[in-house]
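One structure below.
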Amino acid sequence: MNTKKNLVVIGNGMVGQHFLAQLVASPIKDEYNITTFCEESRVAYDRVHLSAFFSGKTAEDLSLVEVNFFEQHGIHLLLGDKAAKIDRATKTITSALGHTVSYDKLVLATGSFPFVPPVPGHDRPQCLVYRTIEDLEAIATAANKSKVGVVVGGGLLGLEAAKALKDLGLKTHVVEFAPRLMAVQLDEAGGALLRNKIEQLGVTVHTNRNTQLITDGEECLNKMCFADGEELETDIILFSAGIRPRDDIARDCKLEVGARGGIVIDNQCKTSDPDIYAIGECALWNNMIYGLVAPGYAMARTVVADLAHQSASFMGADMSTKLKLMGVDVASIGDAHAKTPGALIYTYQNGELEIYKRLVVSPDKKNLLGAVLVGDASSYSTLLQYCLNGIQLPAQPDSLILPSLSAEPAGLGPDALPNTAQICSCYDVSKGDICQAVAAGCHTVGALKAETKAGSGCGGCAALVKSVLNSELAKQGVEVNTDLCEHFAYTRQELFTLIKVEKIRTFDDLLDKHGKGLGCEICKPTVASILASNWNDFILKTEHAPLQDTNDAFLANIQKDGTYSVVPRIAGGEITPDKLIVLGQIGKKYQLYTKITGGQRVDLFGARVEQLPLIWKELIDAGFESGHAYGKSLRTVKSCVGSNWCRYGVDDSVGLAIELENRYKGLRSPHKIKFAVSGCTRECAEAQGKDIGVIATETGWSLYVCGNGGMKPRHADLFATSLDKATLIKYIDRFLSFYIQTADRLQRTSVWMENMAGGLDHLKEVIINDSLGLCDQLEAQMQHVVDTYQCEWKSTLEDEAKLKRFRPFVNSAQSDPSIEFIEERGQIRPAEPSPQKHFKMVEVA
Amino acid sequence: MTQWQTLCNLDDLPADSGICALIDELQIALFYVAKMQTVFALHNYDPFAKAHVLSRGIIGDVNGDPVVASPIYKQHFKLTTGECIEDTSVKIASYPVRINNQHIEIKLTHG
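As you go down the protein sequences, you meet chains A and B in turn.
Counting from 1, one number per residue, gives the positions in the first sequence under my numbering.
Counting from 846, one number per residue, gives the positions in the second sequence under my numbering.
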């Protein structure tokens, strides 16, 4: 018999889904049968980053629901069905499709709808809103036949929408009723600077404009007529003039609603019916509708706690925001408009760099009440901590926004923060939570992210998370030793610089100048790799050979029994029948085990050292070259068959894959690097699981970076879109050079990027906008490596002296008698070793 | 009764790396550390990997002790004694070896 109570959630948006995620993580989940209505055809997705849909992210990318979430937790999902009516007397809900669901507890998370001003003509063709993925699809369709687009509303969401129209290639306008952009968050000077910056990007801004009529246009589909007599012709009109709570279903069942809409809730998020809660943008708390996601999440957590009979209250939320609008940093904290009586104001404006900062300080100069930042929001997290935690300001508060003339930034040390200080507002992670995780063994930013989720939302707190981490590690006496090994008191990055700047060409020279001892298996291959990245000498040159790991030393991959595997390059996975036959013949002749690799090539196993030169001689004669499967270097560029054959192919993925593989082959790097190229968004080459992924679209190549498979798979991040081939290669050159110069030893691109202060955004600044002024040098370094490529096997075979290393014994021509194979499935495999046999002569003298 | 026997010449040994010699079925890894101008000899067998591979490891030092790191799982063995640094209960055989008139000579005691 089922004794569980029924809990129903109406709405599966961001807040509804956050509620479910919190609920299933709580022990009370077992007390309820859970049902959720989802009116849209898709489950919850990230509306905050909706504009990413136009820069290549798919609906799946934006999804906030883990695969199988509903099945796994036994949640009954009514997808594409709308809750139509609540009967509070019988405690039942009737859906639009006629389902009836009864509830003991009900959570309303119906969200909001975009407000469309009741202007005559507001429902004309191509007059759209910006809220759902369907809306975006309609916008994209309309954009295909349009030249001009107007966004009505110059707030946060309106500017996001304007970016989307701009990305779609339209001549874009923003029409705002108020005298400035982002009137809620910014003061006049901040709004003016933002406007200036946005106009520089080619978006025309109209303020103080009151739209009175939308009618037929002459040049365009529509014409907007303003109160001041001006007119504006446009094909598309996007309304983004604020939101209205969706409270119809609550009104119909006589729950209390506010005079201007919104379902009235108390501090426990209960409506006027104690069995019904409301959360998110449909809820009205203390006469406020919160149009941000973080307060909605806080409400969701409050309801879960209340259901669990824990005392919890929603007591309002901080509305501070920081975001990047069309590449412009904008932030607003607390009382940005200085409404507090007697508040003091400090401003800093830099016309040249287009930076505006304003502090609002309490009359006694002790506390920060609010702030506005435009053009440079780097001090946001410090200022937010001052404001939220009532930390006493320095004697001269303006020192917090004035450009620092010393190198030391005017930051707030993590030790000044109380344990309750919220560090990550997206996931409500406090300083105390981070300290606890560090104490439990999370000693890297990556580990902290995985454990606490801190910094994995908007990323605004990443720098602060890192400084709390470092301070905690130092306090616990965990020495953050970044030395490469006991022989070099430098990081890999520092060694790279030393080698480059001092033009050091050999390990011994580096050891004499900057190290001690004999070196080891850590520093020798690392230095060999750095030398190769810089000078690209033959890796088996006499002075370099002893530095190489056995794989590099023998140009093959050592296996458990001491034999090697051979992997010739098959660029892009394209191979002629003749070459396939050669591989088969060689496999047969040398009795090798053959297997197809995950990188679209053929691996030949079981080769003895003395066979390697013989095998490679035959391979090179047949036109093969070294595959570098043995190196910390580019492995393969995987590709789908692409537009030459595939009926869906948009571009020639095989051709590009071959070109990329040939460009970067032999490049030595901190870890192995994998690429893939897909010819269309069906993504058969799995490019989004690679360090470098390229996907063909109708408008050019999309570049993804920092993905990987392996122990901790990571989806790649979209880096740039609509690239022509020359730009694509330029970005990859810069990206790889920067990675090679700055990553730690054995650090994949994903971890490198995640540990970088500023993360993906910083990386884009460096690679795309050349914010460090490095790009010329990065490109030159890559070009040098490309120009000095040699097939390492070809060079080896040409040098008698090098071939001596491939003799199994210095004093005998016999092959290694300890290597034994047995047969399995028609091929060889290593026999299990028999220890006694090999130990029969041990321990002498 | 034991005698020094010649394995090869000094110039057969690559500096700061290893090479393998065979006597009957015994594989002997020879390492020439150029800075010390010294040759070391260990049994070529890696007891962790259960394979004859130590001559192909990278040589270096751990706190001043010259070592070879196994090319398979990277355990360190002292070149002087054959002791494993990570697991002191493991010790592989080491052999007396000398450079005599540019010849590399080893002395084996059959136990």
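Each residue gets a CB set at the ideal place from its N, CA and C atoms; glycine is no exception.
Counted as a single uninterrupted DSSP element, the beta strand (DSSP E) harbouring T204(A) occupies residues 203 to 206. Contact with chain A is found for E870(B), since one of that chain's Cβ atoms lies less than 9 Å from the residue's Cβ. Check the Cα spacing between E494(A) and each of E472(A), G477(A), C523(A): the tightest is with C523(A). Annotation for N854(B): the continuous beta strand (DSSP E) segment containing it runs 849 to 854. Proximity of I615(A) to chain B, defined by a Cβ-Cβ separation below 9 Å, is not satisfied. In summary, M326(A) is buried, with 16 or more beta-carbon neighbours lying within 10 Å of its beta-carbon over all protein chains present.
Among the CB atoms of chain B, one or more fall inside 9 Å of the CB of V810(A). The C-beta of I558(A) comes closer than 9 Å to at least one C-beta of chain B. Burial check for W793(A): the Cβ neighbour count within 10 Å reaches 16 or more, so the residue is buried. Every unbroken stretch of the alpha helix (DSSP H) spanning 4 or more residues and falling wholly within the segment 34 to 113 of chain A is given here in chain order: 59 to 62, 69 to 72. Sequence-distant Cβ neighbours of Q920(B) in its own chain, meaning closer than 6 Å and more than five residues away, are F893, C929, E931.
Non-local beta-carbon contacts of T721(A) in its own chain, meaning distances under 6 Å to residues more than five positions away in sequence, involve S55, G56, S702 in chain order. Against V942(B), chain A offers no close residue; the least beta-carbon distance is about 10 Å (beta-carbon pairs closer than 7 Å). Within the DSSP bridge table, the entry for F239(A) names V129(A), V152(A) as partners. Judged by their CB atoms, Y348(A) and P403(A) are nearer to each other than the 9 Å cut-off. Proximity of the segment 79 to 86 of chain A to the segment 195 to 212 of chain A falls short of the contact definition, fewer than three beta-carbon pairs being nearer than 8 Å. F226(A) and H18(A) have their C-alpha atoms spaced approximately 42 Å apart.
At least one CB atom of chain B sits nearer than 9 Å to the CB of D561(A).
In terms of Cβ geometry, R246(A) and S378(A) do not form a close pair [threshold 9 Å]. The beta carbons of L168(A) and G153(A) sit no closer together than 9 Å. Judged by DSSP in its simplified three-state form, G477(A) adopts coil rather than helix or strand. Between the C-alpha atoms of V330(A) and V654(A) there is a straight-line separation of about 42 Å.
The Cβ of D857(B) sits closer than 9 Å to at least one Cβ of chain A. Relative to T110(A), the option among G296(A), I214(A), Q126(A) whose CA is nearest is G296(A). Contact fails between the segment 684 to 704 of chain A and the segment 538 to 550 of chain A, because fewer than three Cβ pairs, one in each stretch, are under 8 Å apart.
DSSP places P577(A) inside the alpha helix (DSSP H), whose first and last residues are 577 to 589.
Chain order gives the chain B residues near K524(A) as I903, G905, where near means a beta carbon separation below 7 Å. Closest in alpha carbon position to E230(A), among I695(A), R209(A), G13(A), G242(A), is R209(A).
When the Cα atoms are used, H122(A) and V694(A) turn out to be separated by approximately 41 Å. Just measuring C-alpha positions, the residue of A528(A), A676(A), E486(A) sitting nearest I504(A) is A528(A). DSSP lists S633(A) as the beta-bridge partner residues of R668(A).
Comparing alpha carbon positions, the residue from L238(A), G242(A), L284(A), I279(A) closest to V257(A) is L284(A).
Interface with chain B (9 Å Cβ-Cβ cutoff): K804(A) is included. In this structure K5(A) is exposed. Its beta-carbon is surrounded by fewer than 16 other beta-carbon atoms within 10 angstroms.
For G606(A), the closest Cβ of chain B is not nearer than 9 Å. In the DSSP assignment, S565(A) falls outside any alpha helix (DSSP H) and within the unbroken beta strand (DSSP E) covering 564 to 566.
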